[in-house]
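Encoded as structure tokens, the structure appears first; notes follow it.
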Amino acid sequence: MRFAKGMLLSVLATMTTFGVHMAMAAVTKAGFGKLPDGRAVDVYTLKNAELEVKVTTYGARIVALETKDRDGKMGDVVLGYNSVEGYTAEGSAKTYFGAIVGRYGNRIRGGKFSIDGQVYQVPVNNNGNALHGGPHGFDDQLWTGKEIPDGVEMTLVSKDGDMGFPGTLTVHVRYTLVGAAVHIHYSATTDKATVTNITNHSYFNLAGDGSGTILDEVLTLNAAGYTPVDAGLIPVGGVQPVAGTPFDFNKPTRIGERIGAANDQLKIAGGYDHNWVLNGKNGELKVAAKVVDPKSGRVLTVSTTQPGVQFYSGNFLDGSYAGKAGVKYTKNTGLCLETQHFPDSPNQPDFPSTLLKPGETLNTETVFAFSVQK
């Protein structure tokens, strides 16, 4: 537990340092383009002395996140586009840049699951499986935005039967700035038993958007185990220890150091695209990951109440799209740290449950805290 406590103290120290003199974040709203059906999309800008974050109502996604490097220079550290048209132009070949994904983030085998003996089918959109809620998940919806103190609240009502999921699910996602940290709070209620797994799918490159690959960034993951996958990237074989494998990031390790190792799991995914089982209790805030960019000095520490994190090394980025800086996003130009319940949990009873019933409220928290290493 020394590792987990040490990292958590680091996060708290960072927050405390900025907390002494941090001011309220300014929140402004502007247009961000139109959807193909003509509906207008807004973008909210949250800004304080340490961060500037832009969140759009299309997919409730983070489209830009500026933070300081070791010299105090601001830089955008997430992948994305300058207007909504960039996101809709991706069509079915989605990257999910910055989006809130759901109703079920990650994969469900065959798109099928059952609740109380009733079988439900979600449209499959990824090698015969359902990914991120199906072809028209939360990333593809127009959310309602509302300014709140230090941030913005995004709300979506997903009707009963939406993408095959049961129950009308009402979701609120709050983005707030606290010093040099972005807090994301998720809440949801339903009028019928359903399954849900909601997360943010930002791609980070701490050297800056369009600056090259993330292979030289140094990663630490607070996890003793992970869930190996089959060819469809569905977990098989339960939880396995990371010790002695390329999946052991308990000590700071350069991402590219073992990504090309002769390992069947790495070959299946073309790199890292797996769920790590976090140390600590489900429902309690703990450090999940830390990323350091030696070049810029930027440091990202991710804390969460969720039981798992999907580390994805941008394996399927293929240069099809150019981002905000006009540079094409090629393989490994961004990394994701998706805090989550485990993939295919509705079909795997040994995994933490993703069942949500009427009268219950889903509440989870994830924090992206930024600092610098001199």
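In my numbering, the protein residues as written are 3 to 376. Ideal placement from N, C-alpha and C gives every residue a C-beta, glycine not left out.
- Output the boundary residues of the beta strand (DSSP E) element that contains Leu319. No beta strand (DSSP E) contains Leu319, which DSSP labels as neither H nor E.
- Item | Proximal residues to Asn365 (C-beta, below 6 Å), its chain only, five neighbours per side dropped | Ser189
- Message: Quick check on the burial criterion: 16 or more other C-beta atoms within 10 angstroms. Buried or exposed for Asp211?
- Response: buried
- Query: For His185, which residues from the same chain have a beta carbon less than 6 Å from its beta carbon, with the 5 sequence-adjacent residues on both sides left out?
  - Reply: Thr178, Val369
- Any idea what DSSP makes of Thr363, helix, strand or coil? coil
- Message: Could you compute how far the alpha carbon of His343 sits from the alpha carbon of Leu357?
- Response: 11 Å
- Task: Would you mind reading off the limits of the beta strand (DSSP E) that contains Lys269?
- Result: Looking at the DSSP string, Lys269 is not in any beta strand (DSSP E); the run it does join, the alpha helix (DSSP H), is 266-271.
- Message: Excluding the 5 residues flanking Val301 on each side, which residues of the same chain have their C-beta closer than 8 Å to its C-beta?
- Response: Leu208, Lys292, Val293, Val294, Asp295, Phe372, Ser373, Val374, Gln375
- Nonlocal neighbours in the same chain, by C-beta distance under 6 Å from Ala62, ignoring five residues either side: Ile102, Trp145, Met156, Val175
- N-terminal and C-terminal residue of the alpha helix (DSSP H) that Tyr89 is part of: 86-90
- Query: What are the start and end residues of the beta strand (DSSP E) that includes Ser156?
  - Reply: It should be pointed out that residue 156 corresponds to Met in this sequence rather than to Ser. It spans 153-160 - the beta strand (DSSP E) in which Met156 sits, taken as one unbroken run.
- Three-state class that DSSP yields for Arg41 in the structure shown: coil
- Just checking my contact of Val43 with Val86 at CB under 8 Å: how many whole Å lie between their CB atoms? 4 Å
- Task: Can you check DSSP and say which residues form a bridge with Gly77?
- Result: Thr69
- DSSP state of Glu149, grouped into three classes? strand
- Distance between Ser160 and Val277 (C-alpha atoms, nearest Å): It is Asn, not Val, that sits at residue 277 in the sequence shown. Answer to the nearest angstrom: the Cα atoms are 26 Å apart.
- Message: Can you give me the C-alpha to C-alpha distance between Asn224 and Thr170, rounded to a whole angstrom?
- Response: 35 Å
- Message: Using the Cβ count rule (16 or more neighbours within 10 Å means buried), how would you classify Thr335?
- Response: buried
- Message: When you compare the CB positions of Phe251 and Val79, do they come within less than 9 Å of one another, or not?
- Response: no
- Task: Would you identify the three-state DSSP class for Asn277, choosing helix, strand or coil?
- Result: strand
- Query: For the candidate residues Asp193, Met26, Lys49, whose alpha-carbon lies nearest to that of Gly361?
  - Reply: Asp193
- Task: Could you round the C-beta distance between Lys326 and Tyr46 to whole angstroms and report it? I think they count as a contact, below 8 Å.
- Result: The Cβ separation is near 17 Å, so there is no contact.
- For Gln242, write down the residues that DSSP places opposite it in a beta bridge. Tyr228
- Message: So Ile110 and Ala195 are supposed to be a Cβ contact under 8 Å. How far apart are they, rounded?
- Response: So it is not a contact: roughly 16 Å between Cβ atoms.
- Task: Spatial neighbours of Met3 within its chain, please: CB distance less than 8 Å, with the 5 preceding and 5 following residues excluded, ordered by chain position.
- Result: Because the pLDDT at Met3 is just 30, under 50, the model does not fix this residue reliably, and the value given afterwards should be weighed accordingly. These residues qualify, in order along the chain: Asn281.
- Task: Pull up the DSSP beta-bridge partners for Ile1, would you.
- Result: Within the shown structure, residues of the chain are numbered from 3 to 376, placing residue 1 beyond reach of any answer.
- Candidates Gln267, Val238, Lys333: closest to Pro248 by CA position: Gln267
- Message: By the three-class DSSP mapping on this structure, what secondary structure does Arg256 have?
- Response: strand
- Is DSSP giving Asn349 helix, strand or coil here? helix
- Item | Three-way DSSP call (helix, strand, coil) for His23 in this model | Confidence is the limiting factor: at His23 the pLDDT is only 41, short of 50, which leaves the residue's position unreliable and the question unanswerable from this model.
- Message: Check this for me: beta carbons of Tyr2 and Tyr323, under 9 Å apart or not?
- Response: Lying outside 3 to 376, the shown extent of the chain, residue 2 is not represented and no answer is given.
- Query: By a C-beta neighbour count over all protein chains shown, 10 Å radius and 16 as the cutoff for buried, is Gly107 buried or exposed?
  - Reply: buried
- Task: Within the same chain, show all residues whose beta-carbon is closer than 8 Å to that of Gln2, passing over the 5 residues directly before and after it, in chain order.
- Result: The structure shown does not extend to residue 2, since the chain spans only 3 to 376, so no value can be given for it.
- Task: Give a yes or no on whether the C-beta atoms belonging to Leu337 and Glu219 are separated by under 9 Å.
- Result: yes
- For Pro351, does the count of other Cβ atoms within 10 angstroms reach 16, so buried, or fall short, so exposed? exposed
- Taking all protein chains shown into account, do 16 or more other C-beta atoms lie within 10 angstroms of the C-beta of Arg41, making it buried, or fewer, making it exposed? exposed
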